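With the sequence shown counted from 1, adding 1 to any position gets you the working numbering.
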Amino acid sequence: MSVSARKGALNRTVQSDDSSLGDEEEPLLQRNEIYKTYKRRWYVLFLYSLTAFLQSAVWNTWGPITQSAEVVFGWKDSQIGLLANWGNIAFLITVFPTCYLMDTKGLRVSLLVCTVLLLIATGLRCITHEPQYATWLINFSAILNGVCGTVPRAAPAQVANTWFPPNQRTSATAVVSVFCYLGVAMAFVIGPQLVTSPEYKNETQNRNFTYTFKRLTTDLDLATLDTSRNNLNSSQVVNFIHIRKDIMYLMYYEFAAIVLLFLCSIFMPSKPPTPPSLSASTERVVYRRALLNIARNKAVWLIGLAYALPSGVYGAWEAVIDIILKPIGIGQTEIGWIGFYSIMAGCVTGLATGRFSDVFMRHMRLFVLVMFGVAGGSFVWFTLSCVKVIPISTIQVYLSSILGGMFLCGTLPLFYELGAESAFPVSEGVTGGFLTWLNNIVGILFLLLPQIPDIGTDWMNWTLVGSVALGLAFLFVSPQRYTRTDIDISVNKTETAHSQTKVIARENVYDNAS
């Protein structure tokens, strides 16, 4: 038999083997009889990514429209910070029960519970715009939304390990985790674009400080807002009704998006018929023992602190960036674009580093160290500009915040994978929940500080710089462990050798037949 004929026979044999998978399945790069991947994994990834996106957008509803919300509902800056903090507090209390739900009931049931709670949370905000009632409903909605955040934030590594092969795992984790930040970023654009900024009619009056908020029952329905100065500026908001309508429309749009998500999640499969890798099929530690294992695992704690300190501070810092930049004269719309570009840059970097880590396994820690160094330097630049140690300009604020967000947010998927590697065989959902639990503790502490009267805003920027430095130190001393990856790599090498043996044997058969 000729060489060309022999190759044709081999190709026909491989095609015959692959056709047994059916239209729904895709063969792994290293073909074997045990582990398979399915095209439906992309639908699961899409649903979890969309859930992460919408939950984050709802969480960041009020920060980008701080000035408008304070006019309509009579809030202060502390109320904006409290709304963001409710999400962190609710997450802190419910994350471990949610991880237990994911371990026992699976990804599908967990996602359905999450979307139902999101429906209730966003629906409550659509009931009324009357300040005395709306404030209570919006606060309760923020608590429910925080409970919902436990699923998309704890699940990225578990979704990736359950549905994706090892050479796509970090990329899949990156997609879901990046969509958490993408939702925050889009809220910075959607909110200011849909909700009009306040327009004032100024009148100067000589009187002592008062702060009043009242609706005038005239045809113009103006809101009067007095600010503190010796010569008081009494500013009348001339577009009050327009702002109120815009805010309600924003509530309706977010509710409609959640309805669509809920309908799509009904059709999500729970798990693949066949696992995609050996580590995915490995029996995991039972839930209670898994928590004990994590509590005693020094490597997981170091990785968790390295992740939670800068990420928790940065997430809370982004939620109140309007408060930080307002005193230096940057408007609501401009602040929205700064927040959007900063987080979008981080999303792009997160996807790129996730794919890069799939190609260069066992180098994730090095990538994170380099990215932390660049992010820390960028935030130092931002802080020095805000305190006017160096001349401030809008361009510098843009560049420093974008670079900081690009390299800090880009580390998120790598931390999920590093935690899963160090904790294996503990479930990825439990490990992801633990990392995000630490993250939210840090965020809660950060957002509680603005409740202190007259504390100012300069401390926020310096705290962000310090958190990155501490995270870098914890990561530097953490041990490198790639337990799960080593298992899958060794299996792939064995399968490759076995496949080569089969090919040689098959060629010998053809040679003898010829």
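The beta-carbon is built from N, C-alpha and C at its ideal position, and this holds for glycine as well.
Fair warning: this is a prediction, and the values are worked out from it, not measured in the lab.
Residue from V239, V301 and D455 whose Cα sits closest to the Cα of V72: V239
Whole-angstrom distance between A353 and P480, CA atom to CA atom: 24 Å
Residue from V314, T384 and V388 whose Cα sits closest to the Cα of G82: V314
Among I331, F373, I329 and G330, nearest to T350 - alpha-carbon criterion: F373
Local Cβ density within 10 Å of D24, reported as buried at 16 or more and exposed below that: Note that D24 scores 40 on pLDDT, short of 50, meaning its location in the model is unreliable; the coordinates nonetheless yield the value given after this. Exposed is the call here.
Paired residues, beta bridge with T171 - DSSP: Answer is none; T171 lacks a bridge partner.
For V478, the first and last residue of its enclosing alpha helix (DSSP H): D459 to V478
Member of V110, W43, L306 and Y254 whose CA lies at the smallest distance from the CA of F165: W43
Sequence-distant residues of the same chain with beta carbon closer than 6 Å to Q397, five excluded per side: S386
Proximity of P328 and P193 at Cβ, strictly below 8 Å: no
Nearest candidate by alpha-carbon position, reference L465, set M249, Q133 and F447: F447
Expected contact under 8 Å - CB spacing of V45 and M269 to nearest Å: 6 Å
Contained alpha helix (DSSP H) runs [length at least 4] in the segment 256 to 337, N- to C-terminal order: 279 to 282, 288 to 297, 299 to 320 and 322 to 326
Cβ neighbours of F275 in the same chain (closer than 7 Å, five flanking residues each side left out): It should be noted that the sequence gives Thr, not Phe, for residue 275. Counting only Cβ-Cβ distances below 7 Å, and skipping sequence neighbours, we find Y36 and K37.
For G124 and I295, the rounded distance between their alpha carbons: 37 Å
Beta-carbon contacts of N441 that lie in its chain and below 7 Å, excluding the five residues immediately before and after: N89, F92, L93 and G313
Residue from W438, F416 and P311 whose Cα sits closest to the Cα of W463: P311
Euclidean distance between Cα positions of W87 and I144: 5 Å
Spatially closest choice to I403 from A376, Y250 and P414, by CA coordinates: A376
Any 3 or more C-beta pairs closer than 8 Å across the segment 425 to 444 and the segment 328 to 346: no
Range of the contiguous alpha helix (DSSP H) that encloses A70: T67 to F74
For K106, the first and last residue of its enclosing alpha helix (DSSP H): D78 to L125
Enclosing alpha helix (DSSP H) for S428 [first to last residue]: From DSSP, S428 is part of no alpha helix (DSSP H); its letter is neither H nor E.
C-beta contact flag for I321 and P199 at 8 Å: Reading off the sequence, residue 321 comes out as Val, not Ile. Contact: no.
Spatial neighbours of K77 in its chain, beta-carbon cut-off 8 Å, leaving aside the 5 residues before and after: E71
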